[in-house]
Amino acid sequence: MLCGLKHRRLTDVDEPVTKLYEDEVKRFVKPYKVIAFGSEQALNLLSINPRWNDDGTFWTSPALFSQSYYLHVWNEFSMKPIVYSCCQDKSEECYHELLKLLLTYTTKKKYYIKSIINFNRFRTRND
């Protein structure tokens with residue numbers, strides 16, 4: 264049994280299930296919601312590499328997100344995907360949030376980013 268979880272039955276719910284679902288979605292989907300994945304080894308490679316590339320797609324993003332977004336680094340052999348992220352919003356602020364969180368996490372893990380990040384480069388399509 265997990266602490267904090269309450270066993271509930273559908274008959275116990277006073278509100279319609281659709282309203283409960285919508286409320287949960289509203290709590291989850293807030294401006295600049297970002298989720299990112301990257302291994303420790305990948306973050307180390309990201310921190311020591313001065314050449315970053317990025318790519319994003321709006322067509323294959325998961326539910327509740329508007330964009331899949333990737334950071335790649337280049338070494339002498341090839342371009343490697345390092346961070347996979349999902350952005351809830353297509354705004355420039357969402358990219359700032361992603362990079363801010365990435366910098367915070369890598370600093371906490373003692374990986375120091377050596378690349379210069381040009382925040383003005385992150386422009387979005389509003390389609």
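In my numbering, each residue carries its 1-based index in the sequence shown increased by 263. Backbone N, C-alpha and C define an ideal beta-carbon position, used for all residues, glycine too.
In summary, residue 340 is exposed, with fewer than 16 beta-carbon neighbours lying within 10 Å of its beta-carbon over all protein chains present. A check of alpha carbon separations from residue 353 across 371, 366, 373 and 332 identifies 332 as the nearest. Looking from the CA of residue 355, the closest CA among 310, 373 and 297 belongs to 297.
Cα atoms of residue 372 and residue 366: separation of roughly 10 Å, rounded to the nearest angstrom.
Shown here, residue 343 sits in a strand according to DSSP, grouped into three states. Boundaries around residue 298 are those of the beta strand (DSSP E), 297-300, since no alpha helix (DSSP H) includes it.
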